[in-house]
Amino acid sequence: MIGVDITGIAEKLGAAADTATAIPQLAAETGLDVDTAYAVQAALLQRRLNAGERLVGLKMGLTSRAKMAQVGVDEVIWGRLTNAMRVPDGGVVDPAAYIHPRVEPEVAFLLDRLPEPGEPVGDFATAVRAVAPAIELIDSRYADFRFSLPDVVADNTSAAAFVIGPWSPVPAGLDNLGVLLEVDGRVAQVGSTAAILGDPRRALDEGIRLAGRHGVRLESGWVFLAGAATAAVPLRPGAHVRAVVEKLGTASLRASS
Ligand code: OOG
Ligand code: MG
Numbered sequence: 001m002i003g004v005d006i007t008g009i010a011e012k013l014g015a016a017a018d019t020a021t022a023i024p025q026l027a028a029e030t031g032l033d034v035d036t037a038y039a040v041q042a043a044l045l046q047r048r049l050n051a052g053e054r055l056v057g058l059k060m061g062l063t064s065r066a067k068m069a070q071v072g073v074d075e076v077i078w079g080r081l082t083n084a085m086r087v088p089d090g091g092v093v094d095p096a097a098y099i100h101p102r103v104e105p106e107v108a109f110l111l112d113r114l115p116e117p118g119e120p121v122g123d124f125a126t127a128v129r130a131v132a133p134a135i136e137l138i139d140s141r142y143a144d145f146r147f148s149l150p151d152v153v154a155d156n157t158s159a160a161a162f163v164i165g166p167w168s169p170v171p172a173g174l175d176n177l178g179v180l181l182e183v184d185g186r187v188a189q190v191g192s193t194a195a196i197l198g199d200p201r202r203a204l205d206e207g208i209r210l211a212g213r214h215g216v217r218l219e220s221g222w223v224f225l226a227g228a229a230t231a232a233v234p235l236r237p238g239a240h241v242r243a244v245v246e247k248l249g250t251a252s253l254r255a256s257s
């Protein structure tokens, strides 16, 4: 899009994340459309690569109705994950490093042999080496966690941090596993992997297709987050968070106080 300052917008969003300071939404004011928002997202990634980070995967967003309803945007979106966003399972995050962090339960895939661009995933067990329960920590850089579709795309789909639990071989079915999000031992959200596009395996097809439109090809060894199965909950100082996915086990993190 002519006239949109892609690197300038990426700089604003990157600085907002670095300083944990909310900024106003900017798509309406700058005339940002969705395609240009993905270019901003690419510039944000470049900013992280320049700081020494590595691209390690891709995340899907708004693949469940619960998430779409929570944020008022109803399109599937995707974002980029770097090594600096990964928190070890059971690790500690500092909530003060974020603006208004939220956590959500996810299913992660470890990518293996992917189809050629434009081809559907034929055999899921060939494309995916392992699956794991995961927690995504999202943190919109926009005030009040409110945004339009191009705003959230430009903001790398609110990606901030993620935890991957133990990897398991791909089970026979992934389409109706119970999902819980627990905070301090209490159930905060309940759902099913069926909430993720009917079957989280479908999220991989969508990721390949949607990222491919922007020239991004998924790679062997990448982590892939299929999207949250439930709405996200605020991460409070001192909280202990667990995501439990039936058959796959748990992923956890702790927020420092
Ligand atoms: C956008 C990111 C959505 C998911 O799993 O649906 C997402 C947001 O909710 O801020 O990561
Ligand atoms: Mg998510």
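Using full-length UniProt numbering, read the sequence shown as starting at 1 and increasing by one per residue. From the three backbone atoms N, C-alpha and C, an ideal C-beta is built for every residue, glycine too. Keep in mind that this is a model prediction, so the values were computed, not measured.
Alpha carbons only, please: which of A97, T157, V131 and R54 is nearest the one belonging to L248?
If you number the sequence shown from 1, residue 248 lands on position 248. It is V131.
Can you tell me whether R48 is buried or exposed, with buried defined as 16 or more other CB within 10 angstroms of its CB?
Locating residue 48 in the sequence shown gives position 48, counting from the first residue. When all chains shown are included, R48 counts as buried.
Shortest alpha-carbon distance to M161 belongs to which of P24, V179, N83 and M68?
The residue given as residue 161 occupies position 161 in the sequence shown. Looking at the sequence provided, one finds Ala at residue 161 rather than Met. Selected option, being the one with the closest Cα: N83.
Out of D175, S168 and T157, state which residue places its alpha-carbon closest to the alpha-carbon of T250.
Locating residue 250 in the sequence shown gives position 250, where the first residue counts as 1. Among D175, S168 and T157, the Cα nearest to that of T250 is on S168.
Beta-carbon within less than 7 Å of R186's beta-carbon, same chain only, minus the 5 sequence neighbours each way: which residues are those?
Translated into the one-based positions of the sequence shown, residue 186 becomes position 186. So the list is empty, once near-sequence residues are dropped.
If you check the beta carbons only, do A181 and E104 fall under 9 Å apart?
Sequence index remark: in the sequence shown, residue 181 carries index 181 (1-based). Sequence index remark: in the sequence shown, residue 104 carries index 104 (1-based). The displayed chain sequence assigns Leu, not Ala, to residue 181. Result yes, Cβ atoms of L181 and E104 sit closer than 9 Å.
Residues near N156 in its chain [Cβ-Cβ closer than 8 Å; skip 5 each side]:
Locating residue 156 in the sequence shown gives position 156, where the first residue counts as 1. Cβ within range, chain order: L13, Q41, L44, L45, G79 and R80.
Run through DSSP, which three-state label would Y38 get?
Counted from its first residue, the sequence shown places residue 38 at position 38. Y38 falls in the helix class under three-state DSSP.
For the alpha helix (DSSP H) holding T250, just list the boundary residues, first then last.
Within the sequence shown, residue 250 is the residue found at index 250, counting from 1. Note, T250: premise wrong, no alpha helix (DSSP H); beta strand (DSSP E) at G249 to A255.
Please write down, chain order preserved, every residue whose beta carbon lies under 5 Å from a heavy atom of the ligand MG.
E136 and A228
Once the 5 residues before and after residue 279 are set aside, which same chain residues still bring their CB inside 6 Å of it?
No information on residue 279 is available, as it lies outside the stretch 1 to 257 that the chain covers here.
Pairwise C-alpha distance: L111 and S140
Within the sequence shown, the letter at position 140 stands for residue 140. Within the sequence shown, the letter at position 111 stands for residue 111. Each residue's Cα considered, the two are about 27 Å apart.
Per DSSP, which residues does V87 bridge with? Please list them.
Reading the sequence shown from its first residue, position 87 is the one you call residue 87. Answer is V163.
Collapsed DSSP secondary structure at I99 in the structure displayed:
For the purposes of this step, residue 99 is taken as the residue at position 99 of the sequence shown. In the structure shown, I99 sits in coil (DSSP, three-state: anything other than H, G, I, E or B).
Can you tell me whether G212 is helix, strand or coil according to DSSP?
Locating residue 212 in the sequence shown gives position 212, where the first residue counts as 1. It is helical.
Taking its Cβ as the centre, do 16 or more other Cβ atoms sit within 10 Å of R65, making it buried, or is it exposed?
Taking the first residue of the sequence shown as 1, we reach residue 65 at position 65. Exposed.
For G191, the three-state DSSP class (helix, strand or coil):
Counted from its first residue, the sequence shown places residue 191 at position 191. Residue state, collapsed to three classes: strand.
Would T126 pass as an interface residue toward chain B - the criterion being a Cβ-Cβ separation below 9 Å?
Of the protein chains in the structure, only one exists, and it is not chain B.
Got a sec, what are the start and stop residues for the beta strand (DSSP E) I138 sits in?
Along the sequence shown, one-based indexing puts residue 138 at 138. From DSSP, the beta strand (DSSP E) with I138 extends over V128 to I138.
Buried or exposed: V92, going by 16 or more other Cβ atoms within 10 Å of its Cβ?
Against the sequence shown, residue 92 aligns to sequence position 92. Classification for V92: exposed.
DSSP three-state assignment for V245, whether helix, strand or coil
Position 245 of the sequence shown, counted from the start, is the residue given in the question as residue 245. V245 falls in the strand class under three-state DSSP.
Identify which residue in I6, A20 and P95 has its Cα closest to the Cα of H240.
Reading the sequence shown from its first residue, position 240 is the one you call residue 240. Here the closest residue by C-alpha is P95.
I6, enclosing alpha helix (DSSP H) - first and last residue
Here residue 6 refers to the residue found at position 6 when the sequence shown is read from its first residue. Looking at the DSSP string, the run of the alpha helix (DSSP H) that includes I6 is I6 to T19.
Please confirm whether S252 and D89 have their CB atoms less than 9 Å apart.
Position 252 of the sequence shown, counted from the start, is the residue given in the question as residue 252. Position 89 of the sequence shown, counted from the start, is the residue given in the question as residue 89. Yes.
Length of the line joining the Cα atoms of V87 and V216:
By one-based count along the sequence shown, residue 87 stands at place 87. By one-based count along the sequence shown, residue 216 stands at place 216. Cα-Cα distance, rounded: 24 Å.
For A203, which residues of its own chain have a beta-carbon under 7 Å away from its beta-carbon, when the five flanking residues on both sides are left out?
Translated into positions along the sequence shown, residue 203 becomes position 203. Answer for A203: M60, T63, I196, L197, A226 and G227, listed in chain order.
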